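Quick notes on the structure that follows.
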Amino acid sequence: MRKPTLRTDAGALLEACPGVLARVAARRITRVLDRALAPTGLGAAQLALLAQIAVAKDDRMAALAQRAGLDPSTLSRNLRRLEAEGLVEIASVEADLRRRAVWLTESGARRLEAALPLWRAAQAEVARHVEAAPARRLAAQAEALET
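With the UniProt record's numbering, the residue at position 63 of the sequence shown is 63, and numbering never jumps.
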């Protein structure tokens, strides 16, 4: 039996690690979406955050971070750009000043609305090559890692 080498071990990692494979796939899909969304000034990550905020029943930043799968510092960094562009508002809640909430501004809602047709067209292109069902399963399975 031959002893594994660094090259074979590294190759096995690249072929078998769900995290590595998911990142590569996500980057490729993100490039398609980013190109399509360029006229709106939004990238795929910003569009996803605006969509998360638009559908949220819970406007707390902590809840948004959980839904988006982001740590609080990454979420804050991503929201700063959206806030600087006037697309979201972030404020402390009067009842509990430690609690910060985020919501879409009218400008944010309009930008999201303008981006959706471009996203739909890009999504149709992605869907010709990548099925959504396995991605949903992967996301659901990965959620169990956080419990």
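Quick reminder that beta carbons are idealized off the backbone N, C-alpha and C, glycines included.
Computed from a predicted structure; not experimentally measured.
For residue i, report the span of its alpha helix (DSSP H) as first-last.
i	result
Glu83	72-84
Asp9	6-16
Ala51	44-55
Using DSSP's beta-bridge definition, name the partner residues of residue i.
i	result
Leu104	Val88
Arg60	Ala101
Let me know the secondary structure DSSP gives residue i once reduced to three states.
i	result
Val93	strand
Val130	coil
Leu33	helix
Gly69	coil
Gly19	helix
So, under 8 Å CB-CB, residue i and residue j are touching, yes? Tell me the CB distance rounded to an integer number of Å.
i	j	result
Leu104	Leu50	7 Å
Ser92	Arg99	7 Å
Ile29	Val130	7 Å
Leu33	Trp119	7 Å
Three CB pairs or more closer than 8 Å across the region 32-40 and the region 73-88: As far as the Cβ criterion goes, the region 32-40 does not touch the region 73-88, which means the pair count is below three.
Three-pair Cβ contact test at 8 Å for the region 115-132 versus the region 7-23: Remark: fewer than three beta-carbon pairs, one from each stretch, lie closer than 8 Å, so the region 115-132 and the region 7-23 are not flagged as touching.
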